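Peer 1: Take this structure first; my questions come after.
There are 4 protein chains.
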Amino acid sequence: MKATICVTLKPDVLDPQGQAIQKACGSLGYEQIQDVRQGKFFEIELDASAVSGSEAAERLLAELSAKLLSNPVIENYRILSVGE
Amino acid sequence: MKATICVTLKPDVLDPQGQAIQKACGSLGYEQIQDVRQGKFFEIELDASAVSGSEAAERLLAELSAKLLSNPVIENYRILSVGE
Amino acid sequence: MKATICVTLKPDVLDPQGQAIQKACGSLGYEQIQDVRQGKFFEIELDASAVSGSEAAERLLAELSAKLLSNPVIENYRILSVGE
Amino acid sequence: MKATICVTLKPDVLDPQGQAIQKACGSLGYEQIQDVRQGKFFEIELDASAVSGSEAAERLLAELSAKLLSNPVIENYRILSVGE
Numbered sequence: 001m002k003a004t005i006c007v008t009l010k011p012d013v014l015d016p017q018g019q020a021i022q023k024a025c026g027s028l029g030y031e032q033i034q035d036v037r038q039g040k041f042f043e044i045e046l047d048a049s050a051v052s053g054s055e056a057a058e059r060l061l062a063e064l065s066a067k068l069l070s071n072p073v074i075e076n077y078r079i080l081s082v083g084e
Numbered sequence: 085m086k087a088t089i090c091v092t093l094k095p096d097v098l099d100p101q102g103q104a105i106q107k108a109c110g111s112l113g114y115e116q117i118q119d120v121r122q123g124k125f126f127e128i129e130l131d132a133s134a135v136s137g138s139e140a141a142e143r144l145l146a147e148l149s150a151k152l153l154s155n156p157v158i159e160n161y162r163i164l165s166v167g168e
Numbered sequence: 169m170k171a172t173i174c175v176t177l178k179p180d181v182l183d184p185q186g187q188a189i190q191k192a193c194g195s196l197g198y199e200q201i202q203d204v205r206q207g208k209f210f211e212i213e214l215d216a217s218a219v220s221g222s223e224a225a226e227r228l229l230a231e232l233s234a235k236l237l238s239n240p241v242i243e244n245y246r247i248l249s250v251g252e
Numbered sequence: 253m254k255a256t257i258c259v260t261l262k263p264d265v266l267d268p269q270g271q272a273i274q275k276a277c278g279s280l281g282y283e284q285i286q287d288v289r290q291g292k293f294f295e296i297e298l299d300a301s302a303v304s305g306s307e308a309a310e311r312l313l314a315e316l317s318a319k320l321l322s323n324p325v326i327e328n329y330r331i332l333s334v335g336e
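Protein chains in written order, with my numbering: chain A, 1 to 84; chain B, 85 to 168; chain C, 169 to 252; chain D, 253 to 336.
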């Protein structure tokens with residue numbers, strides 16, 4: 001069973017790396033790009049036989065995201081997909 | 085108009101950070117987690133009035149991903165969503 | 169002229185990625201590793217002819233670090249070396 | 253005992269994030285910045301009583317860097333400091 005999770009800086013946290021990319025877009029002529037924010041992306045492989053159903057999988061992934069993948073003070077996480 | 089893009093290491097490229105997270109899962113009792121791979125996640129805000137339609141937006145985002153967000157030799161990118 | 173700069177999370181900011189690496193160390197038998205914190209590292213090449221002396225270079229690098237490389241609310245930067 | 257380690261992309265590996273920062277420097281008027289490459293930085297705390305001398309510490313850190321902190325195919329590591 002595969003899952004994807006993203007971890008992003010909270011909206012009020014400054015993201016200098018994202019801003020650098022946005023400025024680089026401008027200098028390359030991509031003026032349509034108004035804002036860029038950079039986060040982390042995780043692809044996770046779960047042992048389906050050890051998780052009973054996608055609801056249990058989501059609970060496990062949420063726990064993992066909060067404990068191991070993100071800093072809850074400055075970051076949010078979002079489970080993007082669970083499946084297969 | 086908002087878009088999200090992920091950039092991941094190609095499957096044959098070793099990901100020590102992802103492996104560290106997978107091992108940490110094991111030591112915390114999350115034995116169901118068999119594999120973790122870490123990538124980058126981008127949230128992009130486009131000026132909708134400067135892009136004609138979502139097809140043009142996807143073309144622009146693909147160009148941007150290939151030139152500015154990823155290293156094509158070791159990474160893949162995927163446009164996860166374009167909308168609103 | 170080359171310079172190196174590191175950007176680290178402030179001591180009171182939780183670092184889940186660093187913790188994952190520390191736990192992975194433990195599970196691999198490296199029990200001597202008590203703490204790991206992960207930051208960013210920048211190698212910068214300056215046009216020496218456009219900067220008058222290493223003091224001016226340090227000022228420029230400090231400005232750059234504060235504006236483009238770090239988020240002053242959650243991160244510290246340190247110029248590790250300027251030279252050659 | 254504290255140590256610092258940096259992990260950088262090998263010179264022939266393209267670094268789009270570093271290039272974005274370099275371009276952003278230009279667009280902010282920092283024309284003196286000719287090249288930027290982004291890497292990772294690790295601060296490590298070792299149990300001094302479990303490591304006999306700084307030579308043994310360096311050996312341990314080198315092993316750790318090669319196994320857990322870097323991908324030897326695309327990255328180099330450098331132990332910047334061991335001490336205290």
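Built from N, CA and C at the ideal position, the CB exists for glycine as well. Remember, predicted model here, so these are calculated numbers, not experimental data.
#1: Going along the region 277 to 292 of chain D in order, which residues come within less than 8 Å of chain A, judged by CB to CB distance?
#2: Check whether the Cβ of Ala234/C lies closer than 7 Å to any Cβ atom in chain D.
#3: Okay, do the region 220 to 234 of chain C and the region 305 to 314 of chain D touch, 3+ Cβ pairs below 8 Å being the bar?
#4: Is the CB of Glu223/C under 7 Å away from at least one CB in chain F?
#5: Do Ser70/A and Val7/A have their CB atoms nearer than 7 Å?
#6: Buried or exposed: which applies to Val204/C, given that a residue is buried once 16 or more other Cβ atoms fall within 10 Å of its Cβ?
#7: Evaluate Ala62/A with the Cβ neighbour count: other Cβ atoms within 10 Å of its Cβ, from every protein chain shown; 16 or more gives buried, anything less gives exposed.
#8: Would you call the region 258 to 277 of chain D and the region 185 to 203 of chain C touching, i.e. three or more CB-CB distances under 8 Å?
#9: Are the CB atoms of Ile331/D and Ile257/D within a distance shorter than 7 Å?
#10: Residues bridged to Lys170/C by DSSP?
#11: So, under 8 Å CB-CB, Lys208/C and Lys262/D are touching, yes? Tell me the CB distance rounded to an integer number of Å.
#12: Quick check on DSSP: helix, strand or coil for Gly113/B?
#13: Kindly list, in the order they appear in chain C, the residues whose Cβ is closer than 9 Å to that of Glu295/D.
#14: Got a sec: is the Cβ-Cβ distance from Asp12/A to anything in chain B below 7 Å?
#15: For Ala50/A, which residues in chain B fall below 8 Å Cβ to Cβ?
#16: Go ahead and pull the three-state DSSP assignment for Lys292/D.
#17: Check Leu182/C in the structure and name its three-state DSSP category.
#18: Please confirm whether Met253/D and Ala300/D have their CB atoms less than 7 Å apart.
#19: Our contact map puts Asp15/A next to Gln38/A with C-beta atoms below 8 Å; I'd like the distance itself, whole angstroms only.
#20: Closer than 8 Å by beta-carbon distance: list the chain C residues that pair up with Ile273/D, in chain order.
Peer 2: Looking at the atomic coordinates:
#1: Here the close residues are Gly278, Ser279, Leu280.
#2: In the third sequence, counting from the first residue as 1, residue 234/C sits at position 66. Not a single CB atom of chain D sits nearer than 7 Å to the CB of Ala234/C.
#3: No: the two stretches stay apart, fewer than three of their Cβ pairs being nearer than 8 Å.
#4: The chain inventory of the structure shown lacks chain F, comprising the protein chains A, B, C and D.
#5: Here residue 70/A refers to the residue found at position 70 of the first sequence. Here residue 7/A refers to the residue found at position 7 of the first sequence. Going by C-beta atoms, Ser70/A is nearer than 7 Å to Val7/A.
#6: Residue 204/C sits at position 36 when you count from the first residue of the third sequence. Buried, because 16 or more other Cβ atoms sit within 10 Å of the Cβ of Val204/C.
#7: Walking along the first sequence from the start, residue 62/A turns up at place 62. Under a 10 Å Cβ-count criterion, Ala62/A is classified as exposed, with fewer than 16 other Cβ atoms of the shown protein chains found around its own Cβ.
#8: Output reads no: the region 185 to 203 of chain C does not touch the region 258 to 277 of chain D.
#9: Position 5 of the fourth sequence, counted from the start, is the residue given in the question as residue 257/D. Position 79 of the fourth sequence, counted from the start, is the residue given in the question as residue 331/D. The Cβ atoms of Ile257/D and Ile331/D lie closer than 7 Å to each other.
#10: Numbered from its first residue, the third sequence carries residue 170/C at position 2. Beta-bridge pairing by DSSP links Lys170/C to Glu213/C, Gly251/C.
#11: Taking the first residue of the third sequence as position 1, residue 208/C is located at position 40. Taking the first residue of the fourth sequence as position 1, residue 262/D is located at position 10. Taking a contact as a CB-CB distance under 8 Å, the pair Lys208/C and Lys262/D does not count as one, their CB atoms being some 18 Å apart.
#12: The sequence position of residue 113/B within the second sequence is 29, counting from 1. Three-state DSSP puts Gly113/B in coil, outside helix and strand.
#13: Taking the first residue of the fourth sequence as 1, we reach residue 295/D at position 43. What Glu295/D touches in chain C: Cys174, Thr176, Gly186, Asp203, Val204, Arg205, Gln206, Gly207.
#14: Within the first sequence, numbered from 1, the residue matching residue 12/A stands at position 12. Not a single C-beta of chain B is nearer than 7 Å to the C-beta of Asp12/A.
#15: Residue 50/A sits at position 50 when you count from the first residue of the first sequence. Here the neighbours are Glu115, Gln116.
#16: By 1-based counting over the fourth sequence, the position of residue 292/D is 40. If DSSP states are grouped into helix, strand and coil, Lys292/D belongs with the strands.
#17: Counted from its first residue, the third sequence places residue 182/C at position 14. Secondary structure of Leu182/C (DSSP, three-state): coil.
#18: Position 1 of the fourth sequence holds residue 253/D. Position 48 of the fourth sequence holds residue 300/D. Judged by their CB atoms, Met253/D and Ala300/D are nearer to each other than the 7 Å cut-off.
#19: By 1-based counting over the first sequence, the position of residue 15/A is 15. By 1-based counting over the first sequence, the position of residue 38/A is 38. Confirmed, Cβ separation roughly 6 Å.
#20: Along the fourth sequence, one-based indexing puts residue 273/D at 21. Phe210, Leu236, Leu237, listed in chain order.
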